[in-house]
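Working notes, beginning with the structure itself.
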Amino acid sequence: MAILITGGAGYIGSHTVRYFLDQGEEVIVVDNLQSGHKELVQTDKFYNLDIRDKERLDKVFKENKIEGVIHFAANSLVGESMTNPYEYYHNNVYGMLCLLDIMRQNHVDRIVFSSTAATYGEPKNIPILEDDETNPTNPYGETKLAMEKMMEWFDIAYGIKYVSLRYFNAAGAHESGEIGEMHNPETHLIPLILQVPLGIRDKIYIFGDDYPTKDGTCVRDYIHVMDLASAHYLAYKHLLNGNNSEIFNLGNGNGYTVKEVIESARRITNHPIPAEIAKRRDGDPAVLVASSQKIKKVLNWNPQYDSLERIIQDAWSWHNK
Ligand code: UDP
6 MAILITGGAG
16 YIGSHTVRYF
26 LDQGEEVIVV
36 DNLQSGHKEL
46 VQTDKFYNLD
56 IRDKERLDKV
66 FKENKIEGVI
76 HFAANSLVGE
86 SMTNPYEYYH
96 NNVYGMLCLL
106 DIMRQNHVDR
116 IVFSSTAATY
126 GEPKNIPILE
136 DDETNPTNPY
146 GETKLAMEKM
156 MEWFDIAYGI
166 KYVSLRYFNA
176 AGAHESGEIG
186 EMHNPETHLI
196 PLILQVPLGI
206 RDKIYIFGDD
216 YPTKDGTCVR
226 DYIHVMDLAS
236 AHYLAYKHLL
246 NGNNSEIFNL
256 GNGNGYTVKE
266 VIESARRITN
276 HPIPAEIAKR
286 RDGDPAVLVA
296 SSQKIKKVLN
306 WNPQYDSLER
316 IIQDAWSWHN
326 K
């Protein structure tokens, strides 16, 4: 029996594919390569298709013995979602509708879903718990929340069980250096910082230093991409064992400021990495830190690479290559 991974050519998707392959699982990847990269896919069982193409997606289910789905295929940039909500609703929400419908028709009833801390919006409490209020402040978070709710109703009506993983800030790379983060354009803090020692940019801009945090810069909870990957595996096994649908946060529970991240990158790369204060970026909450107690308790998830140094070191090894 095989596992279908949609969006398996993306950053987190490709690392999850690698993790499942390393556990001896049979993995099939579907990706439209809109933002994914074929060279990150470490299995031959690859279909270049859009999940909204239901006819072709159905064929993938008919040609293979699929016992469950890990669903990454989606648009995932907050800023882009603000200017192009049509695309986000179409790809994310309608895409999920197509996928769940084909799953239902083919009697596949388990799905692990790639969700986000953006479903919470501006948090009222830190650390954030799974049953805290969800009030997204951008179309990206809004569509991911709609996708979660769709799964909830499909569970009630059709018995499709799901685990939704709400990620905080994914970073790092596989320790082999074979796969890593590859966004174009790059918008994320750690790869942007590393572009300075790589000579791609002169300096890093710090988006705001007047937040109510210890040094005035935003606090985020950085989690190693391979710790995310292992959580998908545990979530999948949870469903395979006949357990109920769940929503889990995924972070380290430790917050680091933008300045602390830059300082750590300076030590690891041995480069001065000049930084300049710029204005705040729209829609950035001051602090986002997860409570991951629930997934630790229910799935026995145990992060292996939970220091900021390790995360930046692995990202550096990849980018430096
Ligand atoms: N950030 C920054 N300069 C940059 C990119 C990001 O100061 O060039 C900040 C951003 O404002 C946020 C944090 O770094 O507080 C992490 O941003 P990122 O885009 O990596 O992830 P997000 O938290 O938006 O998911």
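The opening residue of the sequence shown carries number 6 in the working numbering; numbering runs sequentially from there. All C-beta atoms in this analysis are idealised placements derived from N, C-alpha and C, irrespective of residue type, glycine included.
For residue 163, the secondary structure class from DSSP, reduced to helix, strand or coil, is helix.
Between the segment 113 to 121 and the segment 150 to 167 there are three or more C-beta pairs closer than 8 Å, enough to call the two in contact. Contact between residue 36 and residue 53 holds, since their C-beta atoms are separated by about 7 Å, short of 8 Å. Setting aside the 5 residues that flank it on each side, residue 47 is surrounded in the same chain by 19, 22, 23, 26, 183, 184, each with a C-beta closer than 8 Å to its C-beta; the list follows chain order. For residue 123, the CB contacts under 7 Å within the same chain, skipping 5 residues up- and downstream, are 83, 141, 143, 145, 146, 149 in chain order. Relative to the non-hydrogen atoms of ligand 1, the Cβ of residue 225 comes within a distance shorter than 7 Å of at least one. Under DSSP, the beta-bridge partners assigned to residue 293 are 225. Each residue's CA atom was taken as its position, placing residue 275 and residue 219 some 25 Å apart.
Secondary structure within the segment 95 to 168: the alpha helix (DSSP H) runs of 4 or more consecutive residues, fully enclosed, are 100 to 110, 144 to 163 (chain order). Excluding residues up to 5 positions away in sequence, nothing lies with its Cβ nearer than 6 Å to the Cβ of residue 89 in the same chain. The beta carbon of residue 92 sits closer than 7 Å to the beta carbons of 80 from its chain, once the five residues preceding and following it are set aside; these are given in chain order.
With fewer than 16 neighbouring CB atoms inside 10 Å of its own CB, residue 112 falls in the exposed class. The continuous alpha helix (DSSP H) containing residue 66 extends over residues 59 to 68. Looking only at 289, 265, 290, the smallest Cα-Cα distance to residue 278 is reached by 265. In the displayed model, residue 48 falls within coil according to three-state DSSP, outside both helix and strand. Excluding its 5 nearest sequence neighbours in each direction, residue 31 has C-beta neighbours in its own chain below 8 Å: 6, 7, 8, 50, listed in chain order.
One thing to note: residue 282 has its Cβ no nearer than 8 Å to the Cβ of residue 195. Judged by DSSP secondary structure, residue 77 falls outside any alpha helix (DSSP H); it is assigned neither H nor E. Distance from the C-beta of residue 212 to the nearest heavy atom of ligand 1 is below 7 Å. Residues of the same chain with a CB within less than 6 Å of the CB of residue 252, apart from the 5 flanking positions on each side, are 135, 169 in chain order. Spanning the alpha carbons of residue 259 and residue 315 requires a straight line of approximately 14 Å. The residue among 186, 215, 209 with its C-alpha nearest the C-alpha of residue 229 is 186.
Counting along the chain, the unbroken beta strand (DSSP E) around residue 36 starts and ends at 31 to 36. As the crow flies, the alpha-carbon of residue 238 is around 38 Å from that of residue 214. Here DSSP, grouped into helix, strand and coil, assigns residue 240 to helix.
Going by DSSP, residue 320 is part of the alpha helix (DSSP H) stretching over 313 to 325. Taking 7 Å as the cut-off, one finds no heavy atom of ligand 1 near enough to the beta carbon of residue 124.
Scanning the segment 183 to 221 from its first residue to its last, the whole beta strand (DSSP E) runs of 3-plus residues come out as 209 to 212. Bounds of the beta strand (DSSP E) holding residue 251 are 251 to 255. For residue 209, the distance from the CB to the nearest heavy atom of ligand 1 is below 7 Å. Scanning its chain for C-beta atoms nearer than 7 Å, with the 5 sequence neighbours on each side dropped, one finds around residue 270 the residues 198, 199, 278, 317, in chain order.
Note that the C-beta distance between residue 300 and residue 244 is not below 8 Å. Closer than 7 Å to some heavy atom of ligand 1: that describes the Cβ of residue 289. Around the CB of residue 163, fewer than 16 other CB atoms lie within 10 Å, so the residue is classed as exposed.
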